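One structure below.
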Amino acid sequence: IKENGDEKYAKEKEKAKLELDKASAVSLTADMWTSINMDAYLAITCHYINGEDELATVLLGVEHFEESHTAENLAHAMAKQMEEWQ
315 IKENGDEKYA
325 KEKEKAKLEL
335 DKASAVSLTA
345 DMWTSINMDA
355 YLAITCHYIN
365 GEDELATVLL
375 GVEHFEESHT
385 AENLAHAMAK
395 QMEEWQ
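Basically this note's numbering = 1-based index in the sequence shown + 314.
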């Protein structure tokens with residue numbers, strides 16, 4: 315099951331990359347929250363206008379965020395996530 319999930323994720327990510335390559339501009343949003351167990355998470359989402367002139371959204375990633383919640387650490391995490399999508 316994991317292998318099929320990994321394969322499907324890779325295919326969907328490639329499709330999303332192709333769509334994002336066509337976008338003339340994108341906007342990123344970051345959402346941080348803490349679980350009931352006090353584990354912090356960061357989700358990064360990319361928004362853009364697709365070929366049909368509709369707002370489209372891609373979740374770039376969700377990661378466990380163990381760093382201090384400073385602007386510098388958030389910017390670093392976002393830059394790292396964007397590199398994975400280039």
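Quick reminder that beta carbons are idealized off the backbone N, C-alpha and C, glycines included. All values reported here derive from a predicted model rather than from experimental measurement.
Given that a residue counts as buried once 16 or more other Cβ atoms are within 10 Å of its Cβ, and exposed if not, what is residue i?
| i | result |
| --- | --- |
| Gln400 | exposed |
| Ile358 | buried |
| Leu356 | buried |
| Leu342 | exposed |
Going along the chain, which residues of its own chain have a beta-carbon closer than 6 angstroms to the beta-carbon of residue i, five neighbours each way excluded?
| i | result |
| --- | --- |
| Ala354 | Thr348, Phe379 |
| Ala370 | Tyr362, Asn364 |
What whole-angstrom Cβ distance do residue i and residue j have, given they're in contact under 8 angstroms?
| i | j | result |
| --- | --- | --- |
| Val401 | Cys360 | Only positions 315 to 400 of the chain appear in the structure, and residue 401 is not among them; the question remains open. |
| Val372 | Leu334 | 7 angstroms |
| His383 | Met352 | In fact, because the Cβ distance is near 13 angstroms, the residues do not count as touching under 8 angstroms. |
Inset, instruction - Mind the definition here: the region 363 to 370 touches the region 386 to 399 only if three or more C-beta pairs lie below 8 angstroms; say whether that holds. - result: No, the region 363 to 370 does not touch the region 386 to 399.
Legend entry - Segments assigned beta strand (DSSP E), at least 3 residues, entirely inside the region 334 to 369: Runs found: 340 to 348, 354 to 363.
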